[in-house]
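Residue numbers (our numbering): 122 to 415.
Positions of the beta carbon are idealized from the N, C-alpha and C atoms, including for glycine.
Predicted model, so just to flag it, every value in this text is computed and none were measured.
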DNA sequence: ATGCATGAGGT
DNA sequence: CCTCATGCATT
């Protein structure tokens, strides 16, 4: 397992430890933002934009176009890319301390009333977790970690990966999905489904990066798409009330939802969805992630 | 990074 | 109506 590849490139992180950029493996003189990245970086608020040799990005980090092997191929040095000298990098497999979480939620003490409580939502419905699952989870956790590192080493943002994934064949995923996968803010099931996709894509991306560059990352402006309802923004007061209700009962009846909506003066449907999302969020952030230090 | 929305599949 | 997987839009 852990077939990590040594990777170079330095990660730039902010105070929260979040990666906000990377230093290119090789400075690309041709890139516009490249110059900025080369300079010192004392400030913590600076927002660098690492540019992938093959891609032209706009200020939002979105792919505007790809520098293909077109005739007027500029930037002769762009092809340099990483001198496969990746060897020197420590690939300490720092195998994680194997966190066992066997009966993490063996709370069999829940007295079943009729309304599921928050505690019940979080706990396992039945049988304990078996070894197999635990192993799988660890594997995914490792991959997620690696994926992020390798993605950054390629100088790609979550958005770019999402666009590429959408542009190329195979399952398409958005920036949100990439983000959630990296954070494992999803169910184990989703993670297992995503892993192969990302694994495959990443391998290809690294290959393209290594060799010249194929403009397989084609993507023509997305279509208009339907009009989506504007996102409701609850007031802090409303959120407070909703949370209070949720703590009491996370699964209110239609009648109750109607009343709550009336009280807060919000669309009934909006309130219903709020509860749905609240329940879902609670679940997603309590499985794989539960034993993760965040 | 995350909040709300959507839609598919189930009861 | 619910859960789930996802994504658009916003913070």
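Taking residue 382 as the centre and dropping the five residues before and after it, the same chain places the C-beta of 389 and 392 closer than 6 Å to its C-beta, in chain order. Residue 290 carries a coil assignment under DSSP once its states are collapsed to helix, strand and coil. Cβ-Cβ distances below 6 Å link residue 359 to 385 in the same chain, with the five nearest sequence neighbours on each side left out; the list follows chain order.
In the three-state reduction of the DSSP assignment, residue 398 falls in the helix class, which pools H, G and I.
Within the same chain, 286, 291, 292 and 294 come within 8 Å of residue 318 by CB-CB distance, once the 5 residues on both sides are set aside.
Distance from residue 313 to residue 256 at the Cβ level is roughly 12 Å; contact not present, criterion being Cβ atoms closer than 8 Å. Annotated three-state conformation of residue 405 is helix, per DSSP.
Fully contained in the segment 346-393 are the following alpha helix (DSSP H) runs of length 4 or more, in chain order: 357-369 and 375-385.
In this structure, residue 323 keeps its C-beta atom at 8 Å or more from the C-beta atom of residue 302. Residue 327 places its beta carbon less than 8 Å from that of residue 275. When C-alpha distances from residue 283 are compared across 298, 271 and 273, the shortest belongs to 298.
As for any alpha helix (DSSP H) of minimum length 4 sitting wholly inside the segment 267-337, the runs are 279-288, 296-304 and 309-331, ordered along the chain. Scanning 272, 296 and 371 for the CA closest to the CA of residue 325 turns up 272. DSSP places residue 257 within a helical segment (H, G or I) once states are collapsed to three. By the CB criterion at 8 Å, residue 296 and residue 308 fall outside the cutoff. Using a 10 angstroms sphere on the CB of residue 330, the tally of other CB atoms reaches 16 or more, which defines it as buried. Of the candidates 258, 253 and 365, 365 places its Cα closest to the Cα of residue 357.
A direct Cα-to-Cα measurement between residue 264 and residue 288 gives close to 23 Å. Rounded to the nearest angstrom, the gap between the Cα atoms of residue 353 and residue 394 is 11 Å.
Per the coordinates, the alpha-carbon of residue 405 lies some 6 Å from the alpha-carbon of residue 306.
Note on geometry: alpha-carbon atoms of residue 362 and residue 375 lie some 17 Å from one another.
In this structure, the alpha-carbon of residue 397 lies about 19 Å from that of residue 310.
When only Cα atoms are considered, residue 369 and residue 400 end up about 13 Å apart. Between the alpha carbons of residue 378 and residue 266 lies a gap of roughly 40 Å.
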